[in-house]
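Using this note's numbering, the first residue of the sequence shown is number 379, and each one after it goes up by one.
All C-beta atoms, glycine included, are put in the ideal place defined by N, C-alpha and C.
Nothing here was measured: the structure is a model prediction, and the numbers come from that model.
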Amino acid sequence: MAGGKGKYWIIGLIGLLIGVIIMSVFDTAMNKTSTNEYCMSCHTHEQADLDWKKSPHYLSHSGVMTDCAACHLPPKEDGLLKYYMAKSKMGAKDIWTKWTKDTDKIDWESKRSLENARKIVYNSSCEKCHVNLFPEGISDDGITAHLHYEENVKKLGLDCISCHLDVGHYMPGYEHKRLEGKVIEADNSPIYETLANVDSFTDFTETVPGTKAAIRMIAVPGGEFTMGSPEKEPLRNADEGPQKKVKISPFFMGEVEVTWRQFWAFYNETMSEGRTPPERIYANNNRPDVDAVSGPTPPFGFPDQGWGMGDRPAITMTHYAATTFCQWLSLKTGRHYRLPTEAEWEYAVRGGTDTPYFFEGNPKKYSRGGFLSKLKGADTTMIARYVVYSEDSSGKTQEPNSVKANPFGLKNMLGNVMEYCSDWYAEDAYSKLADGASDPKGPSSGTEHVIRGGSYSDDASLVRCAARSHTEHDKWLKTDPQNPKSIWWYSDIKGIGFRVVCDVPEYLKVN
């Protein structure tokens, strides 16, 4: 009996020893495969390494260097199972990429986006090192932002990298601090002294007196079209129907989305502490009712995300800011500028066509939604000529000249940035629309506004002519630490902008 017990003890000790050896080997393997050198053996992207060595996580004030695994794996204190699962998943993905893809052809630039970073950076990893969120020397804006984070991190699902995207890898032009003073872009553009002369219903270039802003306006002829999409259109959504015949009067529309050059002209002339309630504009059918316009407060950081300004579309402003821009432009020119109605927008994007896009192609062919397209990639041969979307944008906005115009001569109606319409959004708006209606304006009230066209980060399904979406006001302000929150700038959406419409003057009325 005693001998039998001794045998079990020996077996138990041997088993324990084997377990310790296995765990030791496993832990050693985990540590060795978490070094920077090992990470770079799969991530054969030299620029990522160079950008890391220029970042605050390498060139820190304390002299502490933060390595790859410290940010891209959850800390072991969160649980070994979570740590090993994350490491296994990321490792398997990296090995698959190295074995099956040509890394020289990977669009590394698109990997720098916040949307991608959220998948591979852990808040708990940030908090493990940054225990004190209020270190000596922190700015007042930093204190406000970190207090907001502490109070709302779990409730709102806040991410450290929403404000600190550049700390792991240096990003030229990216800066997260409040703008001070005017924004002056260095260029040789003239300062316009006079307005454009509009004496016929043809394309013209609006020159805004006292600024460098010039806006190319396209004369869109009136007509009738079928609004919405047929039930059999691929990747269609229910709010795109039922289809209705709609009549549209002629109007002028911006050839491209409002650019930074144009928006900064408005900002520089009107910037203020502006807390003017949006109701002042919306209650008066978007028409100017004052002699002066109170413009935007300074945003946190450069809202272009470091992608570049100039002729790129202006982004991150609220619907109220876009409407106020139109009010300012109306007062500067004496013409009536506004946001397009949803019906005008869809009429303009179609340019006389009635297919999913204003060019040839099946949405499924351009989408990564299917299993085979995820493996092979979407066919962008045709769509990339006209649309900046998830498959060809490199994760950021592009200048409008990167694409061809639609039949009316309008660029970037699909993709690049989503565009505000003046209408309130309603899922069943089309069912309440009379067939044959003239210049419909959508519901008389609502909580969110219609946005159209899709953005640089959207799939092909969301950049169809009939695809509808709407603002998400509260969600797009979740990381804004101000109280009250900004009425001018969104903190949590980048692919949003707008395009202006100008009513045809009475003396030019056309059929």
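Residue i - DSSP class collapsed to helix/strand/coil
i, result
"Gly-441", "coil"
"Asp-858", "coil"
"Lys-622", "strand"
"Pro-944", "No statement about residue 944 is possible, as the shown extent of the chain runs from 379 to 889 and does not include it."
"Val-598", "strand"
"Gly-891", "The structure shown does not extend to residue 891, since the chain is modelled only from 379 to 889, so the question has no answer here."
"Glu-505", "helix"
"Met-468", "helix"
"Ala-756", "coil"
"Asp-669", "The predicted position of Asp-669 is uncertain, since its pLDDT is 46 and thus under 50; no value can be drawn from it."
"Glu-584", "strand"
"Ile-761", "helix"
"Glu-884", "helix"
"Arg-716", "strand"
"Phe-630", "strand"
"Phe-703", "helix"
"Trp-866", "coil"
"Tyr-570", "coil"
"Tyr-660", "Note that Tyr-660 has pLDDT 49, beneath the 50 cutoff, so the model's placement of it is unreliable and the number below is only indicative. In this structure, Tyr-660 counts as helix in the three-state DSSP scheme."
"Ser-771", "coil"
Between the CA atoms of residue j and residue i - distance to the nearest angstrom
i, j, result
"Gly-632", "Gly-686", "21 Å"
"Gly-820", "Ser-567", "39 Å"
"Ser-466", "Ala-756", "28 Å"
"Pro-862", "Cys-843", "36 Å"
"Ser-440", "Tyr-798", "46 Å"
"Glu-493", "Asp-836", "12 Å"
"Arg-728", "Glu-635", "16 Å"
"Ser-627", "Ala-721", "11 Å"
"Lys-853", "Asp-870", "7 Å"
"Pro-718", "Tyr-436", "48 Å"
"Phe-629", "Glu-514", "57 Å"
"Gly-787", "Gly-739", "20 Å"
"Cys-420", "Arg-594", "48 Å"
"Gly-469", "Ala-807", "48 Å"
"Tyr-878", "Ala-447", "The question names Tyr, but residue 878 is Val in the sequence shown. So the two alpha carbons sit approximately 47 Å from each other."
"Gly-684", "Ile-539", "15 Å"
"Trp-866", "Ala-783", "30 Å"
"Tyr-527", "Leu-543", "15 Å"
"Thr-413", "Ser-491", "24 Å"
"Gly-793", "Thr-478", "30 Å"
Check whether residue i and residue j have beta carbons under 8 Å apart
i, j, result
"Ser-816", "Lys-625", "yes"
"Ala-700", "Phe-876", "yes"
"Met-796", "Ser-745", "no"
"Asp-581", "Ile-562", "no"
"Arg-556", "Pro-681", "no"
"Thr-637", "Pro-859", "no"
"Glu-611", "Pro-785", "no"
"Leu-613", "Ser-839", "yes"
"Lys-489", "Glu-455", "no"
"Tyr-548", "Lys-432", "yes"
"Pro-434", "Ser-503", "no"
"Gly-873", "Ser-833", "yes"
"Arg-830", "Thr-775", "no"
Opposing strand residues paired with residue i [DSSP bridges]
i, result
"Ser-412", "According to DSSP, which records beta bridges pairwise, Ser-412 is partnered with nothing at all."
"Pro-691", "Thr-637"
"Tyr-808", "Per DSSP, none; premise fails for Tyr-808."
"Ser-835", "Answer is none; Ser-835 lacks a bridge partner."
"Ser-847", "Ile-829"
"Arg-556", "Phe-678"
"Phe-603", "Val-624"
"Ser-816", "Lys-625"
Close beta carbons around residue i, own chain, < 6 Å, minus the five adjacent residues each side
i, result
"Asp-881", "His-714"
"Asn-646", "Lys-560"
"Leu-886", "Phe-579"
"Ile-659", "For Ile-659, the predicted model reports a pLDDT of 49, less than 50, meaning its position is unreliable and no value from the coordinates is stated."
"Leu-707", "Tyr-715"
"Val-668", "Its pLDDT being 41, under 50, Val-668 is placed unreliably by the model, and the measurement read from it follows with that caveat. Excluding residues within five positions, none has a Cβ falling inside 6 Å."
"Glu-769", "Ala-756 and Thr-758"
"Arg-639", "Gly-688"
"Gly-393", "none"
"Cys-449", "Val-499, Ser-503 and Gly-546"
7 Å CB neighbourhood of residue i in its chain, flanking five on each side removed
i, result
"Tyr-416", "Lys-410"
"Ser-780", "Val-766"
"Lys-623", "Glu-602, Thr-604, Asp-813 and Gly-814"
"Asp-485", "Ser-772"
"Asp-427", "Met-418"
Close Cβ partners of residue i (< 8 Å) along its chain, the five nearest in sequence each way excluded
i, result
"Gly-601", "Lys-625, Ile-626, Tyr-725 and Gly-730"
"Ala-643", "Val-586, Thr-589, Lys-590 and Ala-591"
"Gly-712", "Leu-573"
Residue i: CB within 7 Å of a non-hydrogen atom of the ligand NAD
i, result
"Arg-490", "Among the ligands in the structure shown, none appear at all, so the ligand NAD cannot be discussed."
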